[in-house]
């Protein structure tokens, strides 16, 4: 069942390989805007891990196992870009985004949702962070080595 408005609580999933290559996706509705997998909860009671697994599958075709998906314990509250505010209830201006990581083997196949993304790239983590249009996404990518216990 479709909701009239998006829930202002979402996930950001940094998909990466063991050697810190990060999957970046170009938005179909904003060519030139690159990001990690993102998406809002479908229902108020949907668990964040369920949201993350669903969004990863919908946007990339990658099945995230419950064990492989890691909640980084990070959350960002940010102002919703005005261009996207019409998707939210009147008066909603901020979103709470929860950050997850998903490690996948190098060479993992990606199947994009054409209505959401135009193309993808695997990039070294620093280059991926530089490509992000969202500051919170760039910050999450830069946090990747620390999350894996590899201070670089």
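Residue numbers (the working numbering): 34 to 185. A virtual CB, placed ideally from N, CA and C, is assigned to each residue, including glycine.
Note on geometry: alpha-carbon atoms of residue 112 and residue 182 lie some 30 Å from one another. The beta carbons of residue 120 and residue 39 sit about 5 Å from each other, so the pair counts as a contact at 8 Å. In the DSSP assignment, residue 105 falls within the unbroken beta strand (DSSP E) covering 102-112. Judged by their CB atoms, residue 56 and residue 130 are not nearer to each other than the 9 Å cut-off. In this structure, DSSP gives residue 50 a state outside helix and strand, which the three-state scheme calls coil. Of the residues assessed, residue 47 falls on the buried side of the cut-off, its CB having 16 or more other CB atoms within 10 angstroms. The beta carbon of residue 149 lies closer than 6 Å to those of 61, 92 in the same chain, with the five residues before and after it left out.
Residue 76 is classed as exposed because its beta carbon has fewer than 16 other beta carbons within 10 Å across all chains shown. Nearest neighbour of residue 73 by Cα position, chosen from 102, 43, 101, turns out to be 43. Non-local C-beta neighbours of residue 151 in its own chain, meaning closer than 8 Å and more than five positions away in sequence, comprise 59, 60, 61, 64, 145, ordered along the chain. Residue 52 and residue 106 have their C-alpha atoms some 22 Å from each other. In the same chain as residue 89, and ignoring 5 residues on each side of it, the C-beta atoms closer than 6 Å to its own belong to 46, 70, 95, 97, in chain order.
Nearest to residue 108 by C-alpha distance, out of 87, 161, 127, is 127. Residue 54 is positioned such that its CB atom lies closer than 9 Å to that of residue 157. The stretch 66-154 contains, as complete beta strand (DSSP E) runs of 3+ residues, the segments 70-73, 102-112, 127-136 (chain order).
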